[in-house]
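S.K.:
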Amino acid sequence: MNIDELISAPLGKNFIPEIEKQPHAVIEKYQVGQLQKLLDYLLQHSGFYSSRLKQAGIQTSEIRSLGDLNLIPPTIKNDLQLNNEDFICVGKEKIIDYITTSGTLGDPVTLAMTDIDLNRLAYNEAISFACADGSPEDIYQLALTLDKRFMAGLAYFLGARMLGAGVVRVGGGIPELQWDTVQRISPTTIVVVPSFLLKLVEYAEQNHIDYRNSSIRKAVCIGEPIRNPDFTLGPIGTKIMEKWDLTLYSTYASTEMATAFTECGQGKGGHHHPELIIVEFLDEKDQPVGKDEPGEVTITTLGVEGMPLLRYKTGDICYHYCDPCPCGRQTIRLGPVIGRKNQMIKFKGTTLYPYALYNILDNIDAIDNYVVEVYTNNLGMDEILIRIGCDKIPQGFEKDIKDHFRARLRVAPSIRFESSDYVSKIQNPREGRKAVKFIDHRNNREGLTK
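In structure tokens, the structure reads:
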């Protein structure tokens, strides 16, 4: 089944691709066949992979199961950064769109997309919206950018269009414009960074907008986790639901994979689309982890023409779940990202990821905003400084914050109070596309933000 056959399927309410309803054995057999086609394609068209596969002595006929992927060396982000053009499998005349990653953990990487790739991207997001109880009757308000070489905004627009739903492209920020759009167009679903929903609530309350009775009933949440690893709502998700009775759907994706893992109405993890991507979960030695162990999400793209990726390590650490979902899908589900491999912190004998810090900070109402900064001390150990934006500092507030950390994590980072405007400027650099909450100075000789 090629991408043209996939996108020709009629999409509508409650649509589930047939492959996603099949037993795991059937899904694996399908994926192995697609993987063999991909290997042949890479050997013919990819400068990077043809060299790597030949050096490893890999023959397509050797790959008889997904377990045989272990024969192939993984690809890391540094490979993409150093050999970017060698990954391109087509001539420039076939490239329709150039996209870059956000560069959260280093230099951005450019990805080249053909017309086939854009159709695949649209199909991915259409079935993801359908997974999140979307239908042609919906109108999606996109509260994120479609410019700045950003894939996500383009993906959501193309996906809603393929689903047959309405779209209104508002962009990020500007609560006044967001509410004006709601009042004018009556969208049913908003695609949004979840913390921005709280800013929309704050603006509505200050301006006497009856947001609880607005047309928006659903939110597809991007960029930040709304759930804990056990799928209960985390701090941000809980705060949203206390204020606004929306149905929240979490989604996980990255530019490199050009595929999303989106929750269905059960709220039990993002569903895998096996027709678009092979996913592995690897430990520090690049071996598969057990069912109850977190692993690094490692992906192989299927159906990509311009820049396919083979065993690409995303850096994201997740749990995964293999039991069938009541929604009818049999596919693997991804839990919330618990951290980035490169963001792991060893602090006073405790291993932490930034999300553990965020979960505590997001539960403290007097904090307006914050940035977590990590640096190396004179002994070569990790240190944590949290800049907290707070224009009115309650008495004993620093001790209270540290007590929260000691109770949950057994250790307490350094705290520095700043104006909320100052922290906001750190969070939103002029050329950035995403708000910055974590800054890693461990490889930066210039040290901390002043």
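Residue numbers for the sequence shown follow the numbering used here, so the first one is 13 and each next one is one higher. All C-beta atoms in this analysis are idealised placements derived from N, C-alpha and C, irrespective of residue type, glycine included.
So, with DSSP's three-state summary, where would you put Ser62?
M.R.: Helix at Ser62.
S.K.: Taking the alpha carbon of Val205 as the point to measure from, which residue in Thr193, Asp192, Asp222 and Gly185 has its own alpha carbon closest?
M.R.: Ranking the options by Cα distance to Val205, first place goes to Gly185.
S.K.: Quick check on the DSSP output: the alpha helix (DSSP H) that includes Glu308 runs from which residue to which?
M.R.: Premise fails: Glu308 lies in the beta strand (DSSP E), Gly307 to Thr313, not in any alpha helix (DSSP H).
S.K.: Rounding to the nearest angstrom, what Cα-Cα distance links Ile202 and Ile31 in this structure?
M.R.: Their backbone Cα atoms lie some 28 Å apart in a straight line.
S.K.: Mind reading off the beta-carbon distance from Ile228 to Pro187? Whole number of angstroms is fine, and I expect it under 8 Å.
M.R.: Contact flag wrong, Cβ pair sits at about 13 Å.
S.K.: Note the first and the last residue of the continuous alpha helix (DSSP H) segment covering Pro207.
M.R.: Note on identity: in this sequence residue 207 is Ser, with Pro being the wrong assignment. Start and end: Pro206 to Gln218.
S.K.: Once DSSP output is grouped into helix, strand and coil, what is the label at Pro300?
M.R.: Strand, per DSSP.
S.K.: In whole angstroms, what is the alpha-carbon distance linking Gln93 and Glu254?
M.R.: Looking at the two C-alpha atoms, the distance is approximately 43 Å.
S.K.: In this structure, how does DSSP classify Lys334 when only helix, strand and coil are distinguished?
M.R.: What sits at residue 334 in the sequence shown is Cys, not Lys. Coil.
S.K.: Strictly by DSSP, which residues pair up with Ser266?
M.R.: DSSP, once it has assigned bridges, lists Thr271 as partnering Ser266.
S.K.: Is it buried or exposed for Asp335, if we count other Cβ within 10 angstroms and need 16 for buried?
M.R.: Label assigned to Asp335: exposed.
S.K.: Are the segment 156-169 and the segment 283-302 touching, with three or more C-beta to C-beta distances below 8 Å?
M.R.: Contact fails: fewer than three Cβ-Cβ distances are below 8 Å.
S.K.: Closest to Ile372 by CA distance: which of Asn354, Phe208, Arg422 and Ile75 is it?
M.R.: Nearest C-alpha to Ile372: Arg422.
S.K.: Would you tell me roughly how many angstroms separate the C-alpha atoms of Thr112 and Gly307, rounded to the nearest one?
M.R.: Roughly 25 Å between the two C-alpha positions.
S.K.: Do Leu212 and Gln195 have their C-beta atoms within less than 7 Å of each other?
M.R.: No.
S.K.: Can you confirm whether the segment 342-361 touches the segment 46-53 when touching is taken to mean that 3 or more C-beta pairs between the two stretches lie within less than 8 Å?
M.R.: These segments do not touch.
S.K.: Can you have a look at Arg465 and say buried or exposed, based on whether 16 or more other CB atoms are within 10 angstroms of its CB?
M.R.: Only positions 13 to 462 of the chain appear in the structure, and residue 465 is not among them; the question remains open.
S.K.: Ile379: buried (16+ other C-beta within 10 angstroms of its C-beta) or exposed?
M.R.: So Ile379 counts as buried.
S.K.: Glu317 and Thr122: beta carbons closer than 7 Å?
M.R.: Going by C-beta atoms, Glu317 is not nearer than 7 Å to Thr122.
S.K.: Alpha carbons only, please: which of His332, Thr343, Val386 and Glu105 is nearest the one belonging to Gln355?
M.R.: Out of His332, Thr343, Val386 and Glu105, Val386 has the C-alpha closest to the C-alpha of Gln355.
S.K.: Classify Leu117 as helix, strand or coil using the three-state DSSP reduction.
M.R.: With a pLDDT of 46 at Leu117, under the threshold of 50, the modelled position of that residue is not reliable, and the figure given next carries that caveat. Looking at Leu117 - three-state DSSP - the assignment turns out to be coil, as it is neither helix nor strand.
S.K.: Looking only at its chain, what residues have a beta carbon closer than 7 Å to the beta carbon of Gly11, apart from the 5 residues adjacent to it on each side?
M.R.: Outside the shown range of the chain (13 to 462) lies residue 11, about which nothing can therefore be said.
S.K.: Have a look at Pro86 and Lys230 and give me their C-alpha separation to the nearest angstrom.
M.R.: Using only the alpha carbons, I get a separation of about 38 Å.
S.K.: Name the one or two DSSP bridge partners that His36 has.
M.R.: For His36, which the question treats as bridged, DSSP gives no partner whatsoever.
S.K.: Alpha carbons only, please: which of Asp80, Thr267 and Arg181 is nearest the one belonging to Lys326?
M.R.: At residue 326 the sequence reads Thr, which differs from the Lys that was named. It is Thr267 whose Cα lies nearest to the Cα of Thr326.
S.K.: Measure the CB-CB distance between Phe99 and Met319 and report whether it falls below 7 Å.
M.R.: Yes.
S.K.: What is the residue span of the beta strand (DSSP E) that Arg428 lies within?
M.R.: Residues Ser426 to Glu430.
S.K.: According to the Cβ coordinates, are Tyr168 and Glu149 closer than 7 Å?
M.R.: It is not a contact, given that the beta carbons lie outside the stated cut-off.
S.K.: From which residue to which residue does the beta strand (DSSP E) around Leu83 run?
M.R.: Note, Leu83: premise wrong, no beta strand (DSSP E); not H, not E.
S.K.: DSSP puts Glu385 in a beta bridge; with which residues?
M.R.: In DSSP, Glu385 forms a bridge with Leu397 and Ile451.
S.K.: Excluding the 5 residues preceding and the 5 following Ser62 in the sequence, name in chain order all residues of the same chain whose CB lies nearer than 8 Å to its CB.
M.R.: Excluding sequence neighbours, Ser62 sits near Leu54, Leu55 and Gln56.
S.K.: Could you tell me the boundaries of the beta strand (DSSP E) in which Val180 lies?
M.R.: Val180 -> beta strand (DSSP E) spans Gly178 to Arg181.
S.K.: Starting from Val194, trace the alpha helix (DSSP H) in both directions and tell me its first and last residue.
M.R.: Unbroken alpha helix (DSSP H) run through Val194: Pro187 to Ile197.
S.K.: Under a three-way DSSP split, which group does Asp328 fall into?
M.R.: Here Asp328 sits in strand by DSSP.
S.K.: Which same chain residues end up closer than 8 Å to Leu81 when comparing Cβ atoms and leaving out the 5 residues on each side of it in sequence?
M.R.: Closer than 8 Å at Cβ, skipping near neighbours: Leu47, Ile75, Ile290, Glu292, Thr312 and Arg323.
S.K.: Quick check: the Cα distance between Gly246 and Gly277, rounded to an integer number of angstroms?
M.R.: About 17 Å.
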